[in-house]
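What follows is a set of notes on a single structure, which appears directly below.
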Amino acid sequence: MLVERFDETDVPQWWIADAAHPASEPASRRYPSAGSNNALVELWLIRADLTQVQISWDSNAFPYLASVAPAKSGTIVELLNRSQNLVSICVIDVEKNELREIQRRTDTAWIDVMPGVPCLDEESQLLEIVNDVETDTYRLVRNGVFISPPKLQVRALISSDKASAIVIGSRAATTQTLYRLNYSDGSCTALTDESLWCSGASDGSNHIIMQANPDTPGTTFTAHAGNQTFLINNFAESPNVNVHPHYASVGTDELETCLLWPTDHIQGSRQLPIVLSPYGGPHGQRVMRNAAAFTSEQWIADQGFAVIVTDNRGTPGRGPAWERSVHNDLATYPVQDQVAALLALGQLHADLDTSRVGIRGWSFGGYLAALALLERPDIFSAAVAGAPVTDWALYDTAYTERYLGMPQTNPDAYAKTSLLNKAEQLEKPLLLIHGLADDNVFAAHTLQFSSALLAAGKVHSVVPLSGVTHMTPQEIVAENLLRLEIDFFKEHLGD
Numbered sequence: 020m021l022v023e024r025f026d027e028t029d030v031p032q033w034w035i036a037d038a039a040h041p042a043s044e045p046a047s048r049r050y051p052s053a054g055s056n057n058a059l060v061e062l063w064l065i066r067a068d069l070t071q072v073q074i075s076w077d078s079n080a081f082p083y084l085a086s087v088a089p090a091k092s093g094t095i096v097e098l099l100n101r102s103q104n105l106v107s108i109c110v111i112d113v114e115k116n117e118l119r120e121i122q123r124r125t126d127t128a129w130i131d132v133m134p135g136v137p138c139l140d141e142e143s144q145l146l147e148i149v150n151d152v153e154t155d156t157y158r159l160v161r162n163g164v165f166i167s168p169p170k171l172q173v174r175a176l177i178s179s180d181k182a183s184a185i186v187i188g189s190r191a192a193t194t195q196t197l198y199r200l201n202y203s204d205g206s207c208t209a210l211t212d213e214s215l216w217c218s219g220a221s222d223g224s225n226h227i228i229m230q231a232n233p234d235t236p237g238t239t240f241t242a243h244a245g246n247q248t249f250l251i252n253n254f255a256e257s258p259n260v261n262v263h264p265h266y267a268s269v270g271t272d273e274l275e276t277c278l279l280w281p282t283d284h285i286q287g288s289r290q291l292p293i294v295l296s297p298y299g300g301p302h303g304q305r306v307m308r309n310a311a312a313f314t315s316e317q318w319i320a321d322q323g324f325a326v327i328v329t330d331n332r333g334t335p336g337r338g339p340a341w342e343r344s345v346h347n348d349l350a351t352y353p354v355q356d357q358v359a360a361l362l363a364l365g366q367l368h369a370d371l372d373t374s375r376v377g378i379r380g381w382s383f384g385g386y387l388a389a390l391a392l393l394e395r396p397d398i399f400s401a402a403v404a405g406a407p408v409t410d411w412a413l414y415d416t417a418y419t420e421r422y423l424g425m426p427q428t429n430p431d432a433y434a435k436t437s438l439l440n441k442a443e444q445l446e447k448p449l450l451l452i453h454g455l456a457d458d459n460v461f462a463a464h465t466l467q468f469s470s471a472l473l474a475a476g477k478v479h480s481v482v483p484l485s486g487v488t489h490m491t492p493q494e495i496v497a498e499n500l501l502r503l504e505i506d507f508f509k510e511h512l513g514d
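If you're matching positions, the sequence shown starts at 20 in this note's numbering and goes up one per residue.
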């Protein structure tokens with residue numbers, strides 16, 4: 020058995036106080052903010068006789084234990100350096116109790132940690148998903164040989180055997196398909212409809228497939244064994260909104276968008292105020308052929324708005340170069356692309372009133388909403404920012420340093436992307452929402468931003484959520500927050 024051990028002794032200790040209950044002691048959290056100490060990680064092997072042996076490697080050079088993939092043919096360990104632009108792929112040498120490196124790769128930006136890889140297949144061949152710079156494609160590689168074709172963006176390895184591998188991949192950004200990749204003849208066979216958003220699990224011969232409905236909320240699950248197919252009952256409750264997504268690629272960069280109108284809206288009857296609802300951050304795709312992804316947006320639309328969801332540069336599905344465009348700058352392209360998509364759709368639809376535009380988001384989306392309001396007051400009239408990152412120096416090491424580097428060595432990237440340095444730019448209404456028990460994006464982000472805004476004499480609103488963490492799983496809280504957003508946008512955008 021392999022066991023990961025970590026030591027957080029040198030990780031900064033942060034505190035979360037419950038201001039609503041001042042008699043309660045603050046809760047402590049070890050939180051490695053950008054540039055600070057990470058936990059020390061070790062890997063131990065526990066043998067059948069219960070003896071314990073540490074598997075050693077140069078943890079100063081490779082402090083991140085990114086993945087471990089046990090297999091009969093050998094256990095693969097993936098290590099990353101602190102900058103995450105160098106990966107060491109190793110196999111465990113059980114005789115010497117150490118790691119033996121079998122592959123090393125670098126990237127000018129960062130190394131992607133992909134689901135299911137690296138690993139050894141049944142023939143002891145190394146499987147990886149790598150950035151093929153020449154074709155701008157994430158491709159499956161078997162012992163250094165490309166298995167998947169160019170322009171098929173491989174997102175994950177599901178299973179492999181002696182003859183083939185099954186992967187999840189995309190030929191178009193808004194779709195996702197299961198493919199079988201044959202080693203001998205190089206064939207690539209789609210196992211699901213390439214026009215849909217699908218996912219699944221497989222042992223190589225048997226599959227469980229999830230297929231999302233692109234037009235109305237609903238997901239179909241099927242089991243496939245040999246030539247037999249079985250429908251798996253789905254007891255998920257149906258949403259109480261009728262989602263009608265309108266997908267389009269717009270602008271010179273062919274930005275993927277989804278536009279939602281009020282259910283009762285008649286085209287040509289009147290112009291509607293607009294609410295943008297992005298996420299916009301790395302690894303955060305929103306526009307997919309899955310109507311269930313837009314239930315909240317449809318509900319907002321039904322309150323009298325046109326809602327637009329756009330995947331800007333930096334989001335998944337479009338290839339390595341698209342994702343890496345935000346390297347050293349998480350601010351410029353997200354705002355630029357949200358505005359470009361808005362204006363392009365405004366040219367296509369006369370019922371979009373581009374003089375009345377709000378923007379909302381949570382987490383990175385909250386950061387993007389506040390940033391867009393600060394940078395483009397000529398476009399945006401109001402913003403709701405939920406649990407926003409406001410200073411990337413306050414966010415965690417692994418995520419932040421992957422994109423911006425260390426604050427000690429790349430201070431300009433942190434200064435450029437910080438909302439604290441842009442507080443004087445606020446001209447339009449801003450509503451900040453943050454859970455005071457948030458241990459992911461700490462409430463310090465909103466509190467420090469609010470202080471900076473106040474120091475600059477900028478009027479804004481803050482809603483603190485006592486006892487709420489990063490998300491709001493409580494149904495009543497989530498519902499009332501949406502109603503609060505609607506009232507805010509109706510006040511500042513009209514209806």
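Glycine included, every Cβ here is placed at the ideal spot set by N, Cα and C.
Three-way DSSP call (helix, strand, coil) for residue i in this model
| i | result |
| --- | --- |
| H464 | helix |
| A388 | helix |
| R421 | helix |
| R365 | It is Gly, not Arg, that sits at residue 365 in the sequence shown. Three-state DSSP puts G365 in a helix. |
| I398 | coil |
| N252 | coil |
| Y202 | coil |
| D372 | strand |
| V72 | strand |
| E114 | coil |
| L445 | coil |
| Q355 | helix |
| W280 | coil |
| V30 | coil |
| A360 | helix |
| R502 | helix |
| Q230 | strand |
| S167 | coil |
Residues sharing a beta bridge with residue i, DSSP
| i | result |
| --- | --- |
| W216 | Q195 |
| D415 | S52 |
| E61 | R24 |
| Y157 | N150 |
| R119 | V110 |
| R305 | Per DSSP, none; premise fails for R305. |
| L484 | G454 |
| S86 | E97 |
| D330 | E275 |
Buried or exposed by the 16-neighbour rule on C-beta atoms within 10 Å, applied to residue i
| i | result |
| --- | --- |
| G133 | The amino acid at residue 133 is misidentified as Gly; the sequence shows Met. By the 10 Å Cβ count, M133 comes out buried. |
| F81 | buried |
| L21 | exposed |
| I65 | exposed |
| T465 | buried |
| N79 | exposed |
| D234 | exposed |
| F249 | exposed |
| V96 | buried |
| N331 | buried |
| H226 | buried |
| E510 | exposed |
Candidates the options, of which the one nearest residue i by Cα
| i | options | result |
| --- | --- | --- |
| W34 | A255, Y50, L371 | Y50 |
| G219 | N232, H243, G205 | H243 |
| Y422 | G486, V260, H489, N347 | N347 |
| G163 | Y202, I111, A340 | Y202 |
| H368 | T238, S92, L279, E316 | L279 |
| L484 | V30, R24, H40 | H40 |
| D131 | N150, N116, D140, L145 | N150 |
| E114 | V136, A128, V72 | V72 |
| D126 | S107, V136, D112 | S107 |
| E394 | K441, V478, R190, N252 | K441 |
| T428 | A46, A42, R101 | R101 |
| S92 | W76, D112, S86, L105 | D112 |
| L503 | R379, E61, L472 | R379 |
| V30 | S52, A38, D37 | S52 |
| E61 | E120, V87, A267, R24 | R24 |
Rounded distance between the beta-carbons of residue j and residue i, thought under 8 Å
| i | j | result |
| --- | --- | --- |
| T329 | Q357 | 6 Å |
| W318 | V260 | 5 Å |
| P281 | A310 | About 16 Å separates the two Cβ atoms, so there is no contact after all. |
| L390 | T373 | The pair is not a contact, with the Cβ atoms about 19 Å apart (cut-off 8 Å). |
| L439 | F468 | 6 Å |
| V262 | F313 | 5 Å |
| V326 | S296 | 6 Å |
| L200 | L159 | 6 Å |
| L371 | L274 | That pair is no contact at about 15 Å. |
| R308 | A231 | 7 Å |
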